[in-house]
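Have a look at the structure below, then the notes.
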């Protein structure tokens, strides 16, 4: 622990930089995926194209992407914005599918009821379909959050700020403690962020917490037996 | 855009083939690392996933292993490398940890998705537990298992780029060497090959996923679709009526 106590300011600095890089992609991918998911749901032929493009995007390894992006947009190789863009692209790739699946999971009867009650397509989307897709969206953004926070470290091998620098620096200096600190902090950030998302989900979707697990299990049992 | 052209030119330069640092050699290393990792991960994850899926016990293992995603592979690989030394060992261990959760989830989900009535039916016609596993659950679960292997393979091929950071070779070599010498065309050339390899793996597993669907399931799907159409026409009739 000696190394940790002697380098607290540096560790804190890296943690803050890590958050600055990791948080924007999580929020941006959630927002950008909404219109894509809507398109995929609204126009079935577009669905295949959007989802295929998304999975192709996801197939691009992160390190090469971090080298190609600066060439395309003219930034420096060590500019944190490259990581933000790369991770946003991965996030969109995952969230476009979640959003499309979530919107598709909305019961058609509910949609017809909303139409019958006089909802315009715009309010119907935001007041009925989007909230009901919520649990699937939450599951998606939790995966994005964890993998984004973990992937941000890859920037370290290029010298981009963040907790990844603890890994490369620790490797060069042979400091096991420095690397362990980095790993632990990444996991702590991921767990904290995941908890925040779950709490946010409970607060925004009060209907999902109505049934306790026991009630849900009993209900499932009844559904199976009847 | 000029740099891209240079990158592609670098790729097609005959001088960059053959020998220890040849593109062909590095592709071979990259594929070798990926295949070794996938094989070890599959040997660990498939039996465990099948056991959990068949008995329905220990589902928590699947959930917990999913949490391993938070573990930064770069950090893990470097940590192991500091303990066992540079070379192939550290990246292989770190990537196995990366690949196990996807395969485990695929194996488990494949068993879990089998309709309980199908298994009851199998038991009712007198199949033993072992026959239920080998003749019902494994064939029906294969497409989902392939899905798990597919994402594991993609992750491993992508992450194997980092292996050269601890001296294990592979296509990452061109990226790290190019980085040190600021040789952009070389970095781009390496990147292009890794991307192509990843896309090839996706294509391969996408085809496998289709191929392993049992014939009976495929016939059933067709019947279901027809039923769907019938159900839909009933729905619209009630709606208009």
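Protein chains in written order, with my numbering: chain A, 747 to 972; chain B, 15 to 255. All C-beta atoms, glycine included, are put in the ideal place defined by N, C-alpha and C. All values reported here derive from a predicted model rather than from experimental measurement.
Problem - CA-to-CA distance, residue 782 (chain A) to residue 796 (chain A), given in whole angstroms - result: The residue you call residue 796 (chain A) lines up with position 50 of the first chain. The residue you call residue 782 (chain A) lines up with position 36 of the first chain. In a straight line, the C-alpha of residue 796 (chain A) is about 7 angstroms away from that of residue 782 (chain A).
Practice task
Give the DSSP-derived three-state secondary structure of residue 16 (chain B) in the structure shown.
Solution key: Within the second chain, residue 16 (chain B) is the residue found at index 2, counting from 1. Correct three-state label for residue 16 (chain B): helix.
Practice task
Whole angstroms is fine: what's the gap from residue 189 (chain B)'s alpha carbon to residue 859 (chain A)'s?
Solution key: For this step, residue 189 (chain B) is matched to residue 175 along the second chain. For this step, residue 859 (chain A) is matched to residue 113 along the first chain. Rounded to whole angstroms, residue 189 (chain B) to residue 859 (chain A) spans 56 angstroms at the Cα level.
Problem - chain B contacts from the stretch 919-933 of chain A (Cβ-Cβ distance under 7 angstroms) - result: 920, 922, 925, 926, 928, 929, 932, 933
Practice task
Tell me whether the beta-carbon of residue 67 (chain B) lies closer than 9 angstroms to the beta-carbon of residue 126 (chain B).
Solution key: By one-based count along the second chain, residue 67 (chain B) stands at place 53. By one-based count along the second chain, residue 126 (chain B) stands at place 112. Yes. Within cutoff.
Handout entry: Three-state secondary structure (DSSP) of residue 31 (chain B)
Key = If you number the second chain from 1, residue 31 (chain B) lands on position 17. Of the three classes helix, strand and coil, the one that applies to residue 31 (chain B) here is coil, per DSSP.
Practice task
Excluding the 5 residues preceding and the 5 following residue 905 (chain A) in the sequence, name in chain order all residues of the same chain whose CB lies nearer than 7 angstroms to its CB.
Solution key: Against the first chain, residue 905 (chain A) aligns to sequence position 159. Within the same chain, residue 905 (chain A) has close Cβ partners 824.
Exercise for the section: Can you grab the Cα-Cα spacing for the pair residue 848 (chain A) / residue 816 (chain A), in whole Å? Expected result: For the purposes of this step, residue 848 (chain A) is taken as the residue at position 102 of the first chain. For the purposes of this step, residue 816 (chain A) is taken as the residue at position 70 of the first chain. Cα to Cα, the separation comes out at about 34 angstroms.
Exercise for the section: Scan the stretch 65-85 of chain B for residues whose Cβ lies nearer than 7 angstroms to a Cβ of chain A and list them as they occur along the chain. Expected result: 83, 84, 85
Problem - Alpha carbon of residue 108 (chain B) to alpha carbon of residue 203 (chain B), nearest angstrom - result: The residue you call residue 108 (chain B) lines up with position 94 of the second chain. The residue you call residue 203 (chain B) lines up with position 189 of the second chain. C-alpha separation (whole angstroms): 26 angstroms.
Handout entry: Residues of the stretch 171-191 of chain B whose Cβ lies closer than 8 angstroms to any Cβ of chain A, in chain order
Key = 171, 172, 173, 175, 176, 179, 180, 186, 189, 190
Practice task
Keeping to the same chain, check which residues put their C-beta closer than 8 angstroms to that of residue 940 (chain A); ignore five residues upstream and five downstream.
Solution key: Position 194 of the first chain, counted from the start, is the residue given in the question as residue 940 (chain A). So the qualifying residues of the chain are 888, 891, 892.
Practice task
Could you tell me which chain A residues have their CB closer than 7 angstroms to the CB of residue 48 (chain B), listed as they occur along the chain?
Solution key: Counted from its first residue, the second chain places residue 48 (chain B) at position 34. Neighbours of residue 48 (chain B) on chain A: none; closest Cβ ~12 angstroms, over 7 angstroms.
Exercise for the section: Output the distance between the C-alpha atoms of residue 226 (chain B) and residue 757 (chain A), rounded to the nearest integer angstrom. Expected result: Walking along the second chain from the start, residue 226 (chain B) turns up at place 212. Walking along the first chain from the start, residue 757 (chain A) turns up at place 11. Approximately 49 angstroms between the Cα atoms of the pair.
Problem - Within 9 angstroms, strictly: CB atoms of residue 57 (chain B) and residue 106 (chain B) - result: Stepping through the second chain from its first residue, residue 57 (chain B) is reached at position 43. Stepping through the second chain from its first residue, residue 106 (chain B) is reached at position 92. Contact flag unset, no.
Handout entry: CB-CB length for residue 936 (chain A) against residue 896 (chain A), believed under 8 angstroms
Key = Numbered from its first residue, the first chain carries residue 936 (chain A) at position 190. Numbered from its first residue, the first chain carries residue 896 (chain A) at position 150. Contact flag correct, Cβ pair sits at about 6 angstroms.
Handout entry: Proximal residues of chain A, C-beta to C-beta of residue 209 (chain B) below 9 angstroms
Key = In the second chain, the residue the question calls residue 209 (chain B) occupies position 195. Those are 805, 806, 807, 810, 811, 814, listed as they occur along chain A.
Exercise for the section: Please state whether DSSP places residue 806 (chain A) in a helix, a strand or coil. Expected result: As a working note, residue 806 (chain A) is residue 60 in the first chain. Three-state DSSP puts residue 806 (chain A) in coil, outside helix and strand.
Practice task
Go ahead and pull the three-state DSSP assignment for residue 893 (chain A).
Solution key: Position 147 of the first chain, counted from the start, is the residue given in the question as residue 893 (chain A). Residue state, collapsed to three classes: helix.
Handout entry: Nearest to residue 41 (chain B) (by Cα), restricted to the options B:70, B:118, B:102, B:210
Key = To locate residue 41 (chain B), count along the second chain from 1; it is residue 27. The candidate whose alpha carbon is nearest that of residue 41 (chain B) is B:210.
Problem - Exposure of residue 35 (chain B), with buried meaning 16 or more beta-carbon neighbours within 10 Å - result: Locating residue 35 (chain B) in the second chain gives position 21, counting from the first residue. Exposed: under 16 other Cβ atoms inside 10 Å.
Exercise for the section: Give a yes or no on whether the C-beta atoms belonging to residue 117 (chain B) and residue 212 (chain B) are separated by under 9 angstroms. Expected result: By 1-based counting over the second chain, the position of residue 117 (chain B) is 103. By 1-based counting over the second chain, the position of residue 212 (chain B) is 198. Against a cut-off of 9 angstroms, the Cβ pair of residue 212 (chain B) and residue 117 (chain B) comes out as no contact.
Exercise for the section: With a 10 Å radius around its C-beta and 16 neighbouring C-beta atoms as the bar for buried, classify residue 234 (chain B) as buried or exposed. Expected result: Counting from 1 along the second chain, the entry for residue 234 (chain B) is found at position 220. It is exposed - the Cβ of residue 234 (chain B) has fewer than 16 other Cβ atoms within 10 Å.
Handout entry: Neighbouring residues, chain B, relative to residue 892 (chain A) (Cβ below 7 angstroms)
Key = On the first chain, position 146 is the one that residue 892 (chain A) refers to. 83, 84, listed in chain order.
Exercise for the section: Give the residues from the stretch 764-783 of chain A that approach chain B closer than 7 angstroms (Cβ to any Cβ), ordered along the chain. Expected result: none
Practice task
Starting from residue 896 (chain A), find everything on chain B with Cβ-Cβ shorter than 8 angstroms and list it in chain order.
Solution key: Translated into the one-based positions of the first chain, residue 896 (chain A) becomes position 150. Residues of chain B passing the Cβ test: 83, 84, 85, 86, 87.
Exercise for the section: Tell me whether residue 1054 (chain A) sits in a helix, a strand or coil according to DSSP, three-state version. Expected result: This structure does not reach residue 1054 (chain A), given that chain A is present from 747 up to 972, and the question cannot be answered.
Problem - Contained alpha helix (DSSP H) runs [length at least 4] in the stretch 808-875 of chain A, N- to C-terminal order - result: 808-819, 826-850, 854-862, 867-870
Practice task
Return helix, strand or coil for residue 236 (chain B), following the three-state DSSP convention.
Solution key: On the second chain, residue 236 (chain B) is found 222 positions in, with the first residue counted as 1. Correct three-state label for residue 236 (chain B): helix.
Problem - Other residues of its chain near residue 150 (chain B): CB distance less than 6 angstroms, five sequence neighbours each side excluded - result: As a first step, residue 150 (chain B) is located in the second chain; it is residue number 136 there, counting from the start. These residues qualify, in order along the chain: 136.
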